[in-house]
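K.L.:
Numbering (the numbering used here), first residue to last: 1 to 250.
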């Protein structure tokens, strides 16, 4: 993969070409521009070659680059407690730190098998993490999977005005999905910057299989949350506790 820029006249300049080694490989999502002026991004693979939760080389990285193409690898995911295989971009929160989700790794006793997927097996149910400006990564939460928890977040977090973060998982929860190993149909969750886990509420499988794979949008109450799959949930958001992974929908 590459990082490139395009000017208003359509002239394209390649800023960086990934080698697939310690710098990372296969960026999946958009860059974000942080308040320090740098661009930050994530990769699916590359980085730590000892990672075993991916069938490819490495479990992904976080990187930083400036507009001149000066590249810095910030963190290599191990696939262990920090997670691995990043399908989602980062966000920079109000505290200046960066927050994100890793799709695999974390609790490696949890695994999902999904027939027909490009990646049919996920070792570990993924994590929510925080990174400071120096590249130090802390795991806020490790998903434990169905039936009581979500698993395998594929999309970025959203920070709302209450300071909490909201997100979705592709699998997990108690709803039955016919093409997984009883891994659930996904959840909507809320977590604080402290990361103390409490609970989360599953989404409902009504008709077509429901697979959340997009970020939760910021909306006014009552809120309508939708995904690319054929389901919409309209609900007044309830009280919002200050900490932990919390129920969002009943």
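Each residue gets a CB set at the ideal place from its N, CA and C atoms; glycine is no exception.
Please report how far the alpha carbon of residue 122 lies from the alpha carbon of residue 18, in whole angstroms.
P.N.:
Cα to Cα, residue 122 sits roughly 24 Å from residue 18.
K.L.:
Tell me the DSSP secondary structure of residue 176 in three-state form.
P.N.:
coil
K.L.:
For residue 127, collect the residues of the same chain with a Cβ closer than 6 Å to its Cβ; drop the 5 residues on either side in sequence, then sort them by chain order.
P.N.:
Here the set comprises 83, 102, 106, 139 and 142.
K.L.:
For residue 52, which residues in the same chain have their Cβ closer than 8 Å to its Cβ, ignoring the five residues on either side in sequence?
P.N.:
79 and 123.
K.L.:
Threshold first: 3 residues or longer. Then list the beta strand (DSSP E) segments lying entirely within the stretch 96 to 125, N to C.
P.N.:
Within the stretch 96 to 125, the complete beta strand (DSSP E) segments of 3 residues or longer fall at 98 to 102, 111 to 113 and 121 to 123, listed in chain order.
K.L.:
When we look at the beta-carbon of residue 89 and count the other beta-carbons within 10 Å, is it buried (16 or more) or exposed?
P.N.:
Buried.
K.L.:
When the Cα atoms are used, what is the spatial distance from residue 44 to residue 30?
P.N.:
12 Å
K.L.:
Comparing the CB of residue 7 with every heavy atom of the ligand GTP, is any distance shorter than 7 Å?
P.N.:
Questions concerning the ligand GTP fall outside what the structure shown contains, since it holds no ligand whatsoever.
K.L.:
Among the residues of its own chain, which have a CB less than 8 Å from the CB of residue 32, if the five just before and after it don't count?
P.N.:
Cβ neighbours of residue 32 within its own chain (closer than 8 Å, five residues either side excluded): 39, 40, 41, 89, 90, 91 and 92.
K.L.:
Are there 16 or more other CB atoms within 10 angstroms of the CB of residue 11, so buried, or fewer, so exposed?
P.N.:
exposed
K.L.:
Which term fits residue 178, buried or exposed, when burial requires 16 or more other beta carbons within 10 angstroms of its beta carbon?
P.N.:
exposed
K.L.:
Buried or exposed for residue 137, please, with buried defined as at least 16 other CB atoms from any protein chain shown within 10 angstroms of its CB.
P.N.:
Buried.
K.L.:
May I have a chain-ordered list of the alpha helix (DSSP H) segments no shorter than 4 residues that lie completely inside the stretch 13 to 74?
P.N.:
none
K.L.:
Measuring only the C-alpha atoms, how far is residue 191 from residue 159?
P.N.:
10 Å
K.L.:
Considering only their Cβ atoms, is the gap separating residue 73 from residue 24 smaller than 8 Å?
P.N.:
yes
K.L.:
Pick from 6, 163, 148 and 170: whose alpha carbon is nearest that of residue 155?
P.N.:
170
K.L.:
State the DSSP-derived secondary structure class of residue 144, mapped to helix, strand or coil.
P.N.:
Three-state DSSP puts residue 144 in coil, outside helix and strand.
K.L.:
Roughly how many angstroms separate the alpha carbons of residue 175 and residue 186, rounded to a whole number?
P.N.:
Approximately 8 Å between the Cα atoms of the pair.
K.L.:
By the three-class DSSP mapping on this structure, what secondary structure does residue 167 have?
P.N.:
The answer is strand: DSSP assigns residue 167 an E or B state.
K.L.:
I think residue 85 touches residue 59, with their Cβ atoms under 8 Å apart; what is that distance to the nearest whole Å?
P.N.:
6 Å
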